[in-house]
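Each remark here refers to the structure printed beneath this line.
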């Protein structure tokens, strides 16, 4: 049974931990607001690019851009896995890495002869990839310390150039998507080849376009930009989802710490009362012994 001193020391320790988790929750809340603002700021441009791309892809022409071409034989698949750089965010990384592992197993079954390449983004994904058996193309560490669009450009250009050079036949991206403050979901998307799910603007569906410069030249500019925007969006989403997950984890930790403090305080009071009662009984017993003599 713990002594009064041990129980008191434990209460002090839990109180200190509670202060830390509460401070981390407040920091995560502030960072989450900034991350949400960044997502909102990036939406208008991304939507406009997607709208233009949809109208271009719906135009009646025989030209097919290489980014839309699906390879008949898939021998090389790259998966971009975006995790966090730090921990203390609940099951944020665990769920993502588990899902990535399951997806790789699925791809091995679907394409037995294909080589799976991994592009880990974030320390947790990098550490996991180093322990795995898949080929690591390039590691991206400490990207969320100061998140910058140039990181998205580096990742997008790496996979785009490799896809055009036929080093990769297919590129997928896995990350955590920010749904709400209380909810984050693992999201998987096929980055390359671009799937024909970019919807044209219905109000302009029957419009006959005159392209200047040519449609091919416009797509040569827009499609790489589209890939960069998809990677950037995933980085922003993952950043916001991480802060939301950390905020929730720290709030839960703070609540649990307070509950534990109450429980320990109750134990401490009982032990203290028992010790006082024991001392009083010893005093009474000693007094009776003296009076008997």
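Residue numbers (the numbering used here): 255 to 547.
For each residue, glycine too, the CB sits at the ideal point set by N, CA and C.
Hey, how far is the Cα of residue i from the Cα of residue j?
{"i": "residue 436", "j": "residue 510", "result": "18 Å"}
{"i": "residue 471", "j": "residue 377", "result": "38 Å"}
{"i": "residue 405", "j": "residue 397", "result": "7 Å"}
{"i": "residue 392", "j": "residue 384", "result": "11 Å"}
{"i": "residue 446", "j": "residue 263", "result": "57 Å"}
{"i": "residue 526", "j": "residue 345", "result": "40 Å"}
{"i": "residue 516", "j": "residue 266", "result": "12 Å"}
{"i": "residue 328", "j": "residue 276", "result": "50 Å"}
{"i": "residue 399", "j": "residue 285", "result": "12 Å"}
{"i": "residue 305", "j": "residue 478", "result": "15 Å"}
{"i": "residue 390", "j": "residue 381", "result": "11 Å"}
{"i": "residue 297", "j": "residue 492", "result": "15 Å"}
{"i": "residue 268", "j": "residue 512", "result": "8 Å"}
{"i": "residue 294", "j": "residue 363", "result": "39 Å"}
{"i": "residue 538", "j": "residue 514", "result": "36 Å"}
{"i": "residue 469", "j": "residue 310", "result": "7 Å"}
{"i": "residue 259", "j": "residue 274", "result": "23 Å"}
{"i": "residue 336", "j": "residue 428", "result": "6 Å"}
{"i": "residue 395", "j": "residue 338", "result": "9 Å"}
{"i": "residue 500", "j": "residue 342", "result": "6 Å"}
{"i": "residue 498", "j": "residue 487", "result": "16 Å"}
{"i": "residue 410", "j": "residue 485", "result": "7 Å"}
{"i": "residue 453", "j": "residue 371", "result": "Unreliable positioning characterises residue 453 in this predicted model, as indicated by a pLDDT of 47, which lies under 50. The coordinate reading is nonetheless provided below. Their backbone Cα atoms lie some 30 Å apart in a straight line."}
Hey, out of the options, whose CA is closest to residue i's CA?
{"i": "residue 358", "options": "387, 303, 274, 528", "result": "387"}
{"i": "residue 333", "options": "535, 489, 443", "result": "443"}
{"i": "residue 280", "options": "297, 542, 526, 504", "result": "504"}
{"i": "residue 308", "options": "268, 267, 480, 498", "result": "480"}
{"i": "residue 422", "options": "441, 433, 429, 369", "result": "369"}
{"i": "residue 439", "options": "446, 430, 447", "result": "430"}
{"i": "residue 278", "options": "507, 532, 401", "result": "507"}
{"i": "residue 374", "options": "540, 484, 329, 426", "result": "426"}
{"i": "residue 418", "options": "325, 433, 298, 538", "result": "325"}
{"i": "residue 482", "options": "321, 274, 330", "result": "321"}
{"i": "residue 256", "options": "529, 300, 540", "result": "529"}
{"i": "residue 424", "options": "484, 361, 340, 493", "result": "361"}
{"i": "residue 448", "options": "366, 466, 302, 413", "result": "413"}
{"i": "residue 340", "options": "349, 379, 365", "result": "379"}
{"i": "residue 323", "options": "420, 367, 403, 544", "result": "420"}
{"i": "residue 415", "options": "433, 365, 536, 474", "result": "474"}
Can you pull the DSSP bridge partners for residue i?
{"i": "residue 444", "result": "426"}
{"i": "residue 370", "result": "331"}
{"i": "residue 336", "result": "375"}
{"i": "residue 432", "result": "438"}
{"i": "residue 407", "result": "DSSP, once it has assigned bridges, lists no residue as partnering residue 407."}
{"i": "residue 389", "result": "371"}
Can you tell me which of the three DSSP states residue i falls into?
{"i": "residue 365", "result": "coil"}
{"i": "residue 538", "result": "helix"}
{"i": "residue 396", "result": "coil"}
{"i": "residue 485", "result": "helix"}
{"i": "residue 454", "result": "Model confidence at residue 454 stands at a pLDDT of 47, short of 50, so the residue's coordinates are unreliable and nothing is read from them."}
{"i": "residue 326", "result": "coil"}
{"i": "residue 304", "result": "helix"}
{"i": "residue 348", "result": "helix"}
{"i": "residue 415", "result": "helix"}
{"i": "residue 341", "result": "coil"}
{"i": "residue 421", "result": "coil"}
{"i": "residue 380", "result": "helix"}
{"i": "residue 256", "result": "coil"}
{"i": "residue 360", "result": "helix"}
Could I get the ranges of all uninterrupted beta strand (DSSP E) runs contained in the segment 472 to 535, with 3 residues as the minimum, in chain order? Runs of the beta strand (DSSP E) spanning 3 or more residues and lying entirely within the segment 472 to 535 do not occur at all.
Along the chain, which unbroken stretches of the beta strand (DSSP E) at least 3 residues long are found entirely within the segment 258 to 300? Taking only runs of at least 3 residues, no beta strand (DSSP E) segment lies wholly in the segment 258 to 300.
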